[in-house]
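Asker: Can you read through this structure? Questions will come right after.
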Amino acid sequence: MTYLETAAEFYSEVAQTPQVGLCCVQSSPLQLPGLKIPCQMQEMNYGCGTTVHPAELVAEPTVLYVGVGGGLEALQFAYFSRRPGGVIAVEPVAAMQEAAARNLTLAAKENSWFEPSFVEIRQGDAFSLPVPDQSVDVVAQNCLFNIFEPADLTKALQEALRVLKPGGRLLMSDPIATRPIPEHLRQDERLRAMCLSGALTYEEYTQHLVDAGFGQVEIRGRRPYRLLDCQSYGLEAPLLLESLDSVSFKVPIPEDGACIFTGKTAIYTGMEEVFDDSAGHVLQRGVPAAVCDKTAAKLAVLGDILITDSTWHYDGGGCC
Ligand SMILES: C[S@@+](CC[C@H](N)C(=O)[O-])C[C@H]1O[C@@H](n2cnc3c(N)ncnc32)[C@H](O)[C@@H]1O
510 MTYLETAAEF
520 YSEVAQTPQV
530 GLCCVQSSPL
540 QLPGLKIPCQ
550 MQEMNYGCGT
560 TVHPAELVAE
570 PTVLYVGVGG
580 GLEALQFAYF
590 SRRPGGVIAV
600 EPVAAMQEAA
610 ARNLTLAAKE
620 NSWFEPSFVE
630 IRQGDAFSLP
640 VPDQSVDVVA
650 QNCLFNIFEP
660 ADLTKALQEA
670 LRVLKPGGRL
680 LMSDPIATRP
690 IPEHLRQDER
700 LRAMCLSGAL
710 TYEEYTQHLV
720 DAGFGQVEIR
730 GRRPYRLLDC
740 QSYGLEAPLL
750 LESLDSVSFK
760 VPIPEDGACI
770 FTGKTAIYTG
780 MEEVFDDSAG
790 HVLQRGVPAA
800 VCDKTAAKLA
810 VLGDILITDS
820 TWHYDGGGCC
């Protein structure tokens, strides 16, 4: 049996007997005006963060959702696209497809704006998405890609890139590890399926995104996820897992490398009104400007510029 078959077996089990709190870090998922989430669907919240960022979803996007689970995020995405087939949910596990379909039928009874046809559940998997090249605006996955071995993660990311339109977005939420997870845990297929032992470090995770070809990555959230203790996991020191919410853009990688935004800002502290680095960054004295980590590192060595810490919840925002 391969680790992917072990994962499929595990998700077949938890489709038939929901495991409340399997992956999630918050009992109350994202609430939206006029959205009612059926209890059965909420019990199958197997995501470790959220991939539903309203600001990314204003233009009624076509969303491809990989690994439907109980259908909770598919429903939340349908809230924004609101049309038949607006959300295509790809799922290889038959029992999970059935559970999601059941939960979405319940959701239609509780939400007058929603029809089950708004989410089209399709057979398939992350390595072979059943849609043409450049056909969707958004690809989303929550707490699935961390299960994959690194080579398979590369394949899944390349497949996401293939189906996204130019400028399209990959919305992800996954556990990451605060130090490399020891081999004896990485080899444990059931723990991997439970999203507890496949996690990469932050650096490895973001490097995979850039290597796959995403030119811009924005970190929307980073929070504690689970603690692997010494006794239960055979560790010499406890190992903290975090969950990371990110948005990656299908845009060309700039010549000097991809832009990764983690919430840093640059503030000019010198005596002029503005600072201009002649490379596209114009800073008004005393006013923070959002910068990617690459630019932050370049500006930090110039003097008269203060770089603030990563907030880990960058949303592109400024005040004007
Ligand atoms: C941890 S659950 C997350 C479910 C959902 N994203 C959520 O947030 O509740 C992982 C989901 O991915 C599905 N899955 C497992 N292997 C997969 C694969 N190779 N490709 C696509 N989906 C897969 C599982 O059956 C399950 O529905």
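Just so we're on the same page, this note's numbering is the position in the sequence shown counted from 1, plus 509.
Think of the CB as a built atom: it goes at the ideal place given N, C-alpha and C, for glycine as much as any other residue.
Using a Cβ-Cβ cutoff of less than 6 Å, which residues in the same chain neighbour Pro639 once the five nearest sequence positions on both sides are dropped?
Answerer: Only Arg631, Gly633 meet the Cβ criterion.
Asker: I'd like to confirm something about Ala524: is its beta-carbon nearer than 8 Å to some heavy atom of ligand 1, or not?
Answerer: Yes, the Cβ of Ala524 comes within 8 Å of a heavy atom of ligand 1.
Asker: Say whether the region 605-615 touches the region 567-585, bearing in mind that this needs 3 or more beta-carbon pairs closer than 8 Å, one atom from each stretch.
Answerer: Flag = yes, the region 605-615 and the region 567-585 touch.
Asker: For the putative contact between Phe723 and Lys759, defined by C-beta atoms under 8 Å, what is the C-beta separation to the nearest angstrom?
Answerer: Phe723 to Lys759, Cβ: 6 Å. Contact.
Asker: What did DSSP end up calling Val760 once you bin it into helix, strand or coil?
Answerer: Three-state DSSP puts Val760 in coil, outside helix and strand.
Asker: By alpha-carbon positions, which one of Ser752, Cys739, Ala775 ends up nearest to Pro733?
Answerer: The candidate whose alpha carbon is nearest that of Pro733 is Ser752.
Asker: Kindly confirm or deny that the region 552-570 and the region 523-543 touch, where touching means at least three C-beta pairs closer than 8 Å.
Answerer: A contact exists between the region 552-570 and the region 523-543.
Asker: Count Cβ pairs between the region 510-519 and the region 694-710 that sit closer than 8 Å; are there 3 or more?
Answerer: Yes, since at least three Cβ pairs between the region 510-519 and the region 694-710 fall closer than 8 Å, the two stretches touch.
Asker: Please name the residue in Arg591, Ala516, Ala617, Tyr823 whose C-alpha comes closest to that of Arg729.
Answerer: If we check each option's Cα against that of Arg729, Tyr823 comes out closest.
Asker: Please confirm if the region 769-788 is in contact with the region 738-746, defined as three or more CB-CB distances below 8 Å between the two stretches.
Answerer: Taking 8 Å as the limit for Cβ pairs, the verdict is that the region 738-746 does not touch the region 769-788.
Asker: Note the first and the last residue of the continuous beta strand (DSSP E) segment covering Asn651.
Answerer: 645-651 is the span of the beta strand (DSSP E), which, as asked, contains Asn651.
Asker: Between the alpha carbons of Tyr777 and Lys807, how many angstroms are there, rounded?
Answerer: The straight-line gap from Cα to Cα measures roughly 13 Å.
Asker: For the region 608-616 and the region 637-651, state whether three or more C-beta atom pairs, one from each stretch, are separated by less than 8 Å.
Answerer: Taking 8 Å as the limit for Cβ pairs, the verdict is that the region 637-651 does not touch the region 608-616.
Asker: Three-state secondary structure (DSSP) at Pro625?
Answerer: In this structure, Pro625 counts as helix in the three-state DSSP scheme.
Asker: Beta-carbon within less than 7 Å of Leu694's beta-carbon, same chain only, minus the 5 sequence neighbours each way: which residues are those?
Answerer: Excluding sequence neighbours, Leu694 sits near Leu700, Ser706, Tyr742.
Asker: Along the chain, where does the alpha helix (DSSP H) that runs through Asp802 open and close?
Answerer: Its alpha helix (DSSP H) spans residues 802-809.
Asker: Candidates Gln528, Thr715, Val596: which alpha carbon is nearest Val451's?
Answerer: No information on residue 451 is available, as it lies outside the stretch 510 to 829 that the chain covers here.
Asker: My understanding is that Ile814 touches Lys773, with C-beta atoms under 8 Å, so please give their C-beta distance in whole angstroms.
Answerer: The Cβ separation is near 11 Å, so there is no contact.
Asker: For Leu736, which beta-bridge partners are listed by DSSP?
Answerer: DSSP lists Leu749 as partners of Leu736.
Asker: Leu666 and Ala587 - do their beta-carbons sit closer together than 9 Å?
Answerer: No, the Cβ-Cβ distance between Ala587 and Leu666 is not below 9 Å.
Asker: Can you check DSSP and say which residues form a bridge with Phe770?
Answerer: Bridge partners of Phe770: Glu727.
Asker: With distance defined between alpha-carbon atoms, name the residue in Ala583, Thr559, Phe589 nearest to Val567.
Answerer: Checked all of Ala583, Thr559, Phe589; the closest Cα to Val567 is Phe589.
Asker: Between Pro601 and ligand 1, is the CB less than 8 Å from at least one heavy atom?
Answerer: For ligand 1, at least one heavy atom lies less than 8 Å from the Cβ of Pro601.
Asker: Cβ-heavy atom distance between Glu629 and ligand 1 below 8 Å?
Answerer: No, Cβ of Glu629 sits at least 8 Å from all heavy atoms of ligand 1.
Asker: Check the C-beta distance from Ala686 over to Leu748 and give it rounded, since I have them as a contact under 8 Å.
Answerer: Indeed, because the Cβ distance is near 7 Å, the residues count as touching under 8 Å.
Asker: Under 8 Å: does the beta carbon of Ala517 sit that close to some heavy atom of ligand 1?
Answerer: For ligand 1, at least one heavy atom lies less than 8 Å from the Cβ of Ala517.
Asker: Keeping to the same chain, check which residues put their C-beta closer than 7 Å to that of Asn655; ignore five residues upstream and five downstream.
Answerer: Result list for Asn655: Asp683, Pro684, Cys704, Gly707, Ala708, in chain order.
Asker: Let me know the secondary structure DSSP gives Ala524 once reduced to three states.
Answerer: Of the three classes helix, strand and coil, the one that applies to Ala524 here is helix, per DSSP.
Asker: Hey, quick one: how far does the alpha helix (DSSP H) through Val719 stretch, first residue to last?
Answerer: From DSSP, the alpha helix (DSSP H) with Val719 extends over 711-721.
Asker: Return the first residue and the last residue of the beta strand (DSSP E) that Lys674 is part of.
Answerer: Start and end: 673-686.
Asker: Hey, how far is the Cα of Val756 from the Cα of Ala775?
Answerer: Taking the straight line joining both Cα atoms gives about 22 Å.
Asker: Within the present structure, is the beta-carbon of Asn554 separated from the nearest heavy atom of ligand 1 by less than 8 Å?
Answerer: Yes, the Cβ of Asn554 comes within 8 Å of a heavy atom of ligand 1.
Asker: Could you tell me the boundaries of the alpha helix (DSSP H) in which Ala788 lies?
Answerer: No alpha helix (DSSP H) contains Ala788, which DSSP labels as neither H nor E.
Asker: Please classify Leu736 as buried or exposed, where buried requires at least 16 other C-beta atoms within 10 Å of its C-beta.
Answerer: Under this definition Leu736 is an exposed residue.
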